[in-house]
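Protein sequences appear in the order of chains C and V.
Residue numbers in the first sequence follow this note's numbering, run continuously in steps of one, and reach 307 at the last position.
Residue numbers in the second sequence follow this note's numbering, run continuously in steps of one, and reach 317 at the last position.
Every residue gets a Cβ at the ideal spot worked out from N, C-alpha and C, and that includes glycine.
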Amino acid sequence: MVDRLERLTDLVLVLLHDQRPRSLREIAEEVPGYPPPGEARRQAFERDKRTLREEGILFVTEPIEGPDQFGYRIRAEDFYLPDLELEADEQTALNLAVAGIHFGDPSGRDALWRLGLAAPTGHQPLADLPALPALPVLWEAVHSRCRVTFGYRGGARTVDPAVLRFHGGWWYLVGHDLDRDAPRTFRVDRMEGRPSVGDPGSAQLPEAFDVTGALPEPWQLGEGEIVPVEVLVDAVVAPRVIHELGESAVTDRRADGSVVVRLEVSNTAALRSWVLELAERAEVLRPPALRDELVGWLEAVVAAGGN
Amino acid sequence: MGRVDAGQRLRRLLAILAWLARRERVPVAELAHRFGVGPEELIADLELAACCGLPPYTPDQLMEILIDGDEVVAHLGPELARPRKLSAAEGFALAASARAIVAVPGGDPDGALARALAKLDAVLGERDRLRVELDEPPSLADVRAALSAGLQIEIDYHSASRDELTTRRVDPHAAVFLDGNWYLDGYCHRAGSLRRFRIDRVNALRTTGQALCHPAGPTDPPSSDTPFVPGPDNVVVRVAVDEWGSWLADAVPTLAVGPSPDGRTEVTLAVASPVWFGRLLVGLGPHAEVLDSPELAAAGAEMARRVLARYQDSPSG
Numbered sequence: 001m002v003d004r005l006e007r008l009t010d011l012v013l014v015l016l017h018d019q020r021p022r023s024l025r026e027i028a029e030e031v032p033g034y035p036p037p038g039e040a041r042r043q044a045f046e047r048d049k050r051t052l053r054e055e056g057i058l059f060v061t062e063p064i065e066g067p068d069q070f071g072y073r074i075r076a077e078d079f080y081l082p083d084l085e086l087e088a089d090e091q092t093a094l095n096l097a098v099a100g101i102h103f104g105d106p107s108g109r110d111a112l113w114r115l116g117l118a119a120p121t122g123h124q125p126l127a128d129l130p131a132l133p134a135l136p137v138l139w140e141a142v143h144s145r146c147r148v149t150f151g152y153r154g155g156a157r158t159v160d161p162a163v164l165r166f167h168g169g170w171w172y173l174v175g176h177d178l179d180r181d182a183p184r185t186f187r188v189d190r191m192e193g194r195p196s197v198g199d200p201g202s203a204q205l206p207e208a209f210d211v212t213g214a215l216p217e218p219w220q221l222g223e224g225e226i227v228p229v230e231v232l233v234d235a236v237v238a239p240r241v242i243h244e245l246g247e248s249a250v251t252d253r254r255a256d257g258s259v260v261v262r263l264e265v266s267n268t269a270a271l272r273s274w275v276l277e278l279a280e281r282a283e284v285l286r287p288p289a290l291r292d293e294l295v296g297w298l299e300a301v302v303a304a305g306g307n
Numbered sequence: 001m002g003r004v005d006a007g008q009r010l011r012r013l014l015a016i017l018a019w020l021a022r023r024e025r026v027p028v029a030e031l032a033h034r035f036g037v038g039p040e041e042l043i044a045d046l047e048l049a050a051c052c053g054l055p056p057y058t059p060d061q062l063m064e065i066l067i068d069g070d071e072v073v074a075h076l077g078p079e080l081a082r083p084r085k086l087s088a089a090e091g092f093a094l095a096a097s098a099r100a101i102v103a104v105p106g107g108d109p110d111g112a113l114a115r116a117l118a119k120l121d122a123v124l125g126e127r128d129r130l131r132v133e134l135d136e137p138p139s140l141a142d143v144r145a146a147l148s149a150g151l152q153i154e155i156d157y158h159s160a161s162r163d164e165l166t167t168r169r170v171d172p173h174a175a176v177f178l179d180g181n182w183y184l185d186g187y188c189h190r191a192g193s194l195r196r197f198r199i200d201r202v203n204a205l206r207t208t209g210q211a212l213c214h215p216a217g218p219t220d221p222p223s224s225d226t227p228f229v230p231g232p233d234n235v236v237v238r239v240a241v242d243e244w245g246s247w248l249a250d251a252v253p254t255l256a257v258g259p260s261p262d263g264r265t266e267v268t269l270a271v272a273s274p275v276w277f278g279r280l281l282v283g284l285g286p287h288a289e290v291l292d293s294p295e296l297a298a299a300g301a302e303m304a305r306r307v308l309a310r311y312q313d314s315p316s317g
């Protein structure tokens, strides 16, 4: 009895060879291990076809002359990439990159395998990035310019995708939202279900769409009026606040090491969350209305929590 | 069928053949190590491959692979060495990994990765369309310098969970990026044990000029562990949040998330630090309710009082 791995390997070699379509009858003559003609042979072949499809190896069906009418082959252009001509140091660098990034699945290793590179095993990863099932789907959509539709916060959104971006620990899709006719940013982990993807070329970004622009901060994600807000932060948290906002946000440096930062806010609820995360290490200075609102919020928490 | 299904075995075999096609002679042990397979299983698969080829399966049509002592000797056609099409998941993982490393300071010292990426982009997609940013806190460069030089360091560290500033001597072991933050793993002399520090909370870093007393050992926990592991001192608490407050489930490590009977979302957390939990509750305000543990419920009010005191002390700012 022929091992199934042997039959699969021969099948791939035969269907790639000389790029001629072969009928199932010819295949069974050339590849050892198929049952005699009949239903069992067809089932075995369908099973092999399915296994290979799961491995990304696709058959095309083409008409042929003779009584069998149609045959199968694996198109070279579906099976091979153009040669990347990677130098030795470039191969090593790719190996290290895949070893350094942990995605929670073996896709990176499999990619190296398909390129004829072999990742060293047992490396300690340098970074852990969240792997989400929607990411490869969205990546295809981005570079094949496909319109995508997905559920988001209870509604359906239709978007022409521009960029897939990892920032601050989250994956984002940036694109043109067709219903709102405006650029929008979506957290990929908040998409509901698998995004459905339109045909290649179905997406059309407005010409002026900025694919390299900065992601908005949470407090800029509001539809409200833009209000300048000043926040005083203590010395102990100043370095990371300055790192987060940039030096240009600093309007005053005090002798005790504390700093005043200025933010342009269109979503005051998000700003409140950000300030309260710094607890008693930060204080809204102005505008007075926002300061009063924050005091009211804190008083409500005290009242609700009892003693 | 064995432990590994036929598809996965084929995937591995095609990869091994591609690797062999460029080399001709490779030690069995090296091949086994690279492909994460036992030597016996490897030899069995190679012996099987040696029977594969094209009809009429005469010796000249079979793959020429033989095991010569500790080595595999192969003469395979150039077709087998050609790079193969990637699936969407593979192409994405490769492109994202390479971009992430290029983004790390000092991650691509000789530019080889950037060159490889440019060649990949030519066949996989466009440059600007996938961006991976591993935010670099100011102390990261110093931490990495100390790591590569093998130097002990002293850090001024602001622990947000306790809101205290401490100075600690640390033997650094690794810098890792997890859940959106960079962490320093190392032996903390003040704690007398292994500790993980958020690098964005390292306010200052100095080298001590001393050798490492506790270098990384083979038994250390791997750095891919989640930064937060519930311990015996943790209190498990259930919090009900309304729709506005549902960000809680994304923002912190949770033990369970599910609907509560009144239509809100119930989030179960393990709390190590009441200060940390209090800060969460203050941020959530009226949008959250602690369902059990009255002590922890009071942590929100306690924290709110502390923050309020600051506003009352400086009425004008």
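Inset, instruction - Check distances from the C-beta atoms of the region 104–132 of chain C to those of chain V and list, in chain order, the residues that come in under 7 Å. - result: Result list: Ser107, Gly108, Asp110, Ala111, Trp113, Arg114, Leu115, Gly116, Ala118, Pro120, Thr121, Gln124, Pro125, Leu126, Ala127, Asp128 and Leu129.
Legend entry - Cutoff 8 Å: Tyr80 (chain C) Cβ touching any chain V Cβ: By the rule that beta-carbons nearer than 8 Å mark a contact, Tyr80 (chain C) touches chain V.
Legend entry - Own chain partners of Ile64 (chain C) with C-beta closer than 7 Å, once the 5 adjacent residues on each side are dropped: These residues qualify, in order along the chain: Pro21, Ser23, Phe70 and Gly71.
Legend entry - chain V contacts made by the region 75–102 of chain C, where a contact means CB separation under 8 Å: Taking 8 Å as the Cβ-Cβ cut-off against chain V, the residues of the region 75–102 of chain C that qualify are Asp78, Phe79, Tyr80, Leu81, Pro82, Asp83, Leu84, Glu85, Leu86, Glu87, Asp89, Glu90, Gln91, Thr92, Ala93, Leu94, Leu96, Ala97, Val98, Gly100, Ile101 and His102.
Inset, instruction - Look at the alpha carbon of Glu29 (chain C) and the alpha carbon of Leu10 (chain V), and state the distance between them as a whole number of angstroms. - result: Distance between the alpha carbons of Glu29 (chain C) and Leu10 (chain V): 21 Å.
Inset, instruction - Put Tyr311 (chain V) into one of helix, strand or coil per three-state DSSP. - result: Residue state, collapsed to three classes: helix.
Legend entry - CA-to-CA distance, Ser246 (chain V) to Leu84 (chain C), given in whole angstroms: Straight-line measurement puts the Cα of Ser246 (chain V) at about 46 Å from the Cα of Leu84 (chain C).
Inset, instruction - Return no unless some Cβ of chain V is closer than 8 Å to the Cβ of Leu5 (chain C). - result: Answer yes: the Cβ-Cβ gap between Leu5 (chain C) and chain V drops below 8 Å somewhere.
Inset, instruction - Taking Glu90 (chain V) as the query, report the chain D residues whose CB atoms sit under 7 Å from its CB, ordered along the chain. - result: The chain inventory of the structure shown lacks chain D, comprising the protein chains C and V.
Inset, instruction - Can you give me the start and stop residues for the alpha helix (DSSP H) that His243 (chain C) sits inside? - result: Ala238 to Leu245 is the span of the alpha helix (DSSP H), which, as asked, contains His243 (chain C).
Legend entry - Neighbourhood of Thr251 (chain C) by C-beta, 6 Å cutoff - its chain only, sequence neighbours within 5 removed: Answer for Thr251 (chain C): Val260 and Arg262, listed in chain order.
Inset, instruction - Check whether the Cβ atoms of Thr223 (chain C) and Ala88 (chain V) sit closer than 8 Å, and answer yes or no. - result: First, the amino acid is wrong: residue 223 (chain C) is Glu here, not Thr. At a Cβ-Cβ threshold of 8 Å, Glu223 (chain C) and Ala88 (chain V) do not count as neighbours.
Legend entry - 4 or more residues per run - each alpha helix (DSSP H) lying fully within the region 91–146 of chain C: If one requires a minimum length of 4 residues, the alpha helix (DSSP H) runs lying completely within the region 91–146 of chain C are 107–114 and 134–143, in chain order.
Inset, instruction - Would you kindly work out how many angstroms separate the C-alpha atoms of Arg25 (chain C) and Ala175 (chain V), rounded to a whole number? - result: It is roughly 59 Å from the alpha-carbon of Arg25 (chain C) to the alpha-carbon of Ala175 (chain V).
Inset, instruction - Determine the direct distance from the alpha carbon of Lys85 (chain V) to that of Leu81 (chain C), and round the result to whole angstroms. - result: Taking the straight line from one Cα to the other gives about 5 Å.
Legend entry - Leu345 (chain V): contacting residues in chain C (beta-carbon distance under 7 Å): Any property of residue 345 (chain V) remains undetermined from this structure, which presents chain V solely from 1 to 317.
Legend entry - Neighbouring residues, chain V, relative to Pro136 (chain C) (Cβ below 9 Å): Neighbours of Pro136 (chain C) on chain V, chain order: Ser87, Ala88, Ala89, Glu90, Gly91, Phe92 and Ala93.
Inset, instruction - Only counting runs of 3 or more residues, tell me where the beta strand (DSSP E) segments fall wholly within the region 190–228 of chain C, in order along the chain. - result: 191–197, all fully within the region 190–228 of chain C.
Inset, instruction - Using three-state DSSP, classify Asp110 (chain V) as helix, strand or coil. - result: Asp110 (chain V) carries a coil assignment under DSSP once its states are collapsed to helix, strand and coil.
Inset, instruction - Could you give the DSSP three-state label for Ser193 (chain V): helix, strand or coil? - result: Three-state result, Ser193 (chain V): strand.
Inset, instruction - Could you work out which residues of chain V lie near Thr212 (chain C), taking near to mean beta carbons separated by less than 9 Å? - result: Chain V residues near Thr212 (chain C): Asp128 and Arg131.
Inset, instruction - Go to Val174 (chain C), then tell me how far its beta strand (DSSP E) extends in each direction, as first and last residue. - result: First-last of the beta strand (DSSP E) with Val174 (chain C): Trp170 to Asp177.
Legend entry - Separation of His102 (chain C) from Ala100 (chain V), as counted between CA atoms: Each residue's Cα considered, the two are about 11 Å apart.
Inset, instruction - Report the option in V:Ala240, V:Val275 and V:Tyr57 whose CA atom is closest to the CA atom of Leu13 (chain C). - result: For the options V:Ala240, V:Val275 and V:Tyr57, the alpha carbon positioned closest to that of Leu13 (chain C) is the one of V:Tyr57.
Inset, instruction - Starting from the Cα of Arg201 (chain V), find the closest Cα among C:Arg240, C:Glu230 and C:Arg190 and give me that residue. - result: Checking every option, the nearest Cα to that of Arg201 (chain V) belongs to C:Arg240.
Legend entry - C-beta atoms of Val142 (chain C) and Val163 (chain C) nearer than 8 Å: Contact flag set, yes.
Inset, instruction - Report buried or exposed for His75 (chain V), applying the criterion of at least 16 other Cβ atoms within 10 angstroms of its Cβ. - result: The residue is exposed, with fewer than 16 neighbouring Cβ atoms inside 10 Å.
Legend entry - Buried versus exposed, by CB contacts within 10 Å (16 or more), Gln152 (chain V): Buried is the call here.
Legend entry - Helix, strand or coil at Ser97 (chain V) according to DSSP, with G and I counted as helix: In the three-state scheme derived from DSSP, where H, G and I count as helix and E and B as strand, Ser97 (chain V) is classed as helix.
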